[in-house]
Structure formats: structure tokens, C-alpha cells
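Quick notes on the structure that follows.
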Amino acid sequence: MIVEKAPAKLLPIEIEVDSISFTYPSGIQALEDITIHVSSGERVALIGQNGAGKTTLVKHLNGLLKPVSGSVKVGSWDTHDHSVAQMATRVGYVFQNPDDQLFQRTVWDEMMFGPRNLRWSAERAASSVQASLEMVGLEHIKEMHPYDLTFSSRKLLALASVLAMDTQVVIIDEPTTGQDYRGVQQIGSILSELNKQGKTIIGVTHDIDFCAEQFERSILMAGGRVVLDGSTRQVLSQISVIDQAYVEAPQLMRLAEKLGWDFMPLTVEEFIHHLDG
Ligand SMILES: Nc1ncnc2c1ncn2[C@@H]1O[C@H](COP(=O)(O)OP(=O)(O)OP(=O)(O)O)[C@@H](O)[C@H]1O
Ligand SMILES: [Mg+2]
């Protein structure tokens, strides 16, 4: 009898950040009493001005930083009790600056580094690496040195190297920095594809239009605290609150507010639809 192998299934993983605070050794308190819960498969944006604490918060989700007080759990794993290597099997983190992440001599070696550390078979590693390079459109430059790539390609390589590890949770820190319009669209469609696969996506972004188009939920941070947390429409509609956090509300919403609309459009399509309706 032939027994069919069931397709690999993603393990649903909840993230629970419970009253965490964090102070850097320099004495700067970067996070203060943060509590958030992210369900499996959600698509969440973290927004806020420079220094709000966004990167510090996401570095807690894969255990790169441990809270001074409070706890971070990814599934049943508390980051206090698990190594960064263990956490990396559940949470992939694409660094804000690719040069902090990339350190191998060829694109291929860079890509293989994570899967090798996960002790995958050579065949599984190579097939995941190939698929991830194709997803970001870098499959033709395997032998190049990462530092010979443009900044936008290094950002894509950093993303691909995390995708190759096939984690349930993908965190991407400022994905659109340095990307042109086409690059931004490409990253948006990669995030949609990952989300279709059931993955949880947490994106840190200054790009408020990207936030409006790509994320169903948004968390606004200021001064190391969470100021707003809700659907992206609810959060971005609170124009005076986000102004106070020095984040610029989307132009469309500002316009809708000036026009006295109750409806706050997130995308150009919604705006046009409302005008037509
Ligand atoms: N390695 C570090 N050592 C000391 N202080 C740090 C370090 N990294 C960040 N900080 C400080 O912690 C606070 C939060 O920084 P963080 O990088 O988390 O903010 P951010 O919201 O990601 O900002 P940006 O939008 O500029 O990336 C800031 O005051 C920052 O100067
Ligand atoms: Mg940051």
C-alpha cells in the first residue's frame, strides 16, 4: 500500500508580549511596559518616529534581546529559556540594515547559512534557498559577493535568507527603505504570498502608505510605549494622535478628513470607489 505523505503543515504560533520593559546598558530605557498579543497568521505593522522603540521591540520576539522585566512567549517558548538559535526555528528576523545581517562571501553561502544551521539535509536546504532566491528575483547572482550588490538588492537578499528558513513568523524591519516603486510592489506581493501560506508577518515601517496597503493591524509606538493598537483603518484614522507621535497620516486620510468624510480610505482604490459611490 502506498501511504501518501501529508504536506508539511505550519504550526500555529501565538506571540505573547507581557508587560515588558527594556533598558540598554547605556541607561536608555527603550521599552516601557509593553503588552501585545499577535495571533497566528496576522499581518501587523509597527509604526512610530525614529527612536520610538520599534526595532528594540522586534528584537525581543526572536530572543536577540531579553526583557529586563516581563516576558515574551512565542508559542509555549519563553525567550528567557531558549537560545537565539532555537528561537530562529520559529521567528525569522530581517534586519533593518542588511549590512548588520550579511557576512558570507557569496550570495549562495549567505542563503545556505540559516538552513545549514537548522541542520537540514543538503537537498532540502538547496531547494529552499533556490525557491527563496527566485521569490525575490536574485536567482541569477548566486556567485556574487553580497557587498557588490546595490543596497536595495542587499535588502532583498537579507529577506530571502530569512525566507529560506521557512519560519512561521517573519519579522521585517523597514522593508521598503531604498526600494523604488517596483521594489515596494514586489515586497508587498512577497508579504501577501507569505501571508497566504498562513505565516505571521510583523513589519516595522516608516512608509505609511505601505502600512495602509499591506497590514490589517497597526501598532503605533512613541517613547518606548504602545500608543494605539487596532485595525490599520482605526489607527491611521486617529490623525491627531498619530500627529502627536510625529508620524504623518496618509495623504488620502488627511484629504478625506478635510472633505468632512466619515469614511477614511486606506488605498487609492477605496478613495475612488467612495467618490464614485
Ligand atoms: N544598541 C543600542 N544601544 C543603546 N541605545 C540604543 C541602541 N539601539 C537603540 N537604542 C536607543 O533605544 C531607543 C529605541 O531605539 P530603536 O532602534 O528601537 O527605535 P526605532 O523605533 O527602531 O527607531 P528607527 O525608526 O530610527 O529605526 C532610542 O533612544 C535609541 O537611541
Ligand atoms: Mg528601527
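In our numbering, the protein residues as written are 49 to 325.
We put the CB at the ideal spot given by N, CA and C, even for glycine.
When we look at the beta-carbon of residue i and count the other beta-carbons within 10 Å, is it buried (16 or more) or exposed?
| i | result |
| --- | --- |
| Y229 | exposed |
| P60 | exposed |
| S180 | buried |
| R91 | buried |
| L276 | buried |
| F258 | buried |
| E158 | buried |
| S67 | exposed |
| G246 | exposed |
| S176 | buried |
| K53 | Any reading at K53 must be qualified, since the residue scores a pLDDT of 43, below 50, and its modelled position is unreliable; the value itself is stated next. Looking at its Cβ environment, which holds fewer than 16 other Cβ atoms inside 10 Å, K53 is exposed. |
| S169 | exposed |
| D203 | Note that residue 203 is Lys in the sequence shown here, rather than Asp. That one is buried. |
| I63 | buried |
| P298 | buried |
| G325 | exposed |
| P55 | Note on P55: pLDDT 46, under 50, position unreliable in the model; the coordinate value appears next. That one is exposed. |
| V51 | Reliability of the predicted coordinates at V51 is poor, the pLDDT of 44 falling under 50, and no value is obtained from them. |
| F319 | buried |
| P73 | exposed |
Residue i lies in the beta strand (DSSP E); which residues open and close that run?
| i | result |
| --- | --- |
| Q134 | Element bounds for Q134: not the beta strand (DSSP E) but the alpha helix (DSSP H), 132-135. |
| A116 | Here residue 116 turns out to be Val, not Ala, going by the sequence shown. Looking at the DSSP string, V116 is not in any beta strand (DSSP E), and its letter there is neither H nor E. |
| I267 | 265-270 |
| T103 | No beta strand (DSSP E) holds T103; the alpha helix (DSSP H) holding it covers 102-109. |
| D277 | 273-279 |
| Y30 | Only positions 49 to 325 of the chain appear in this structure, which leaves residue 30 out of reach. |
| G185 | That residue, G185, is in no beta strand (DSSP E); it is neither H nor E in DSSP. |
| G251 | 248-252 |
| D221 | 217-221 |
Locate the alpha helix (DSSP H) running through residue i, then write down its first and last residues.
| i | result |
| --- | --- |
| G231 | 229-244 |
| D324 | 316-324 |
| N145 | Run containing N145: none; DSSP gives neither H nor E here. |
| D157 | 155-165 |
| S124 | Note, S124: premise wrong, no alpha helix (DSSP H); not H, not E. |
| D257 | 256-262 |
| F199 | 199-211 |
Residue i and residue j look like a contact to me (Cβ under 8 angstroms); what is the Cβ gap, rounded to whole Å?
| i | j | result |
| --- | --- | --- |
| A304 | A270 | No, A304 and A270 are not in contact; Cβ-Cβ is about 24 angstroms, not under 8 angstroms. |
| F70 | V116 | 5 angstroms |
| S130 | V120 | One point to set straight first is that residue 130 is His, not Ser, in the sequence displayed. With a Cβ gap of about 10 angstroms, H130 and V120 do not count as contacting. |
| T215 | G89 | In fact, because the Cβ distance is near 13 angstroms, the residues do not count as touching under 8 angstroms. |
| V142 | I219 | 7 angstroms |
| E264 | S279 | 7 angstroms |
| L205 | P194 | 6 angstroms |
| M183 | L211 | 6 angstroms |
| G111 | T137 | Wrong, their Cβ atoms sit about 11 angstroms apart, outside the cutoff. |
| V295 | Q97 | 6 angstroms |
| S124 | G162 | Contact flag wrong, Cβ pair sits at about 23 angstroms. |
Establish whether the CB of residue i and some CB of chain C are separated by less than 8 angstroms.
| i | result |
| --- | --- |
| V184 | In summary, chain C is missing from the structure at hand, where a single protein chain is found. |
Mind listing, in chain order, the continuous alpha helix (DSSP H) runs of no fewer than 4 residues lying wholly within the region 283-314? 287-292, 299-306
My parser needs the beta strand (DSSP E) runs of 3 or more residues fully inside the region 61-92; what are they? 63-71, 77-86
Collect the residues with a C-beta less than 7 angstroms away from any heavy atom of ligand 2 and give them in sequence order along the chain. K102, T103, Q144, D221, E222, V252
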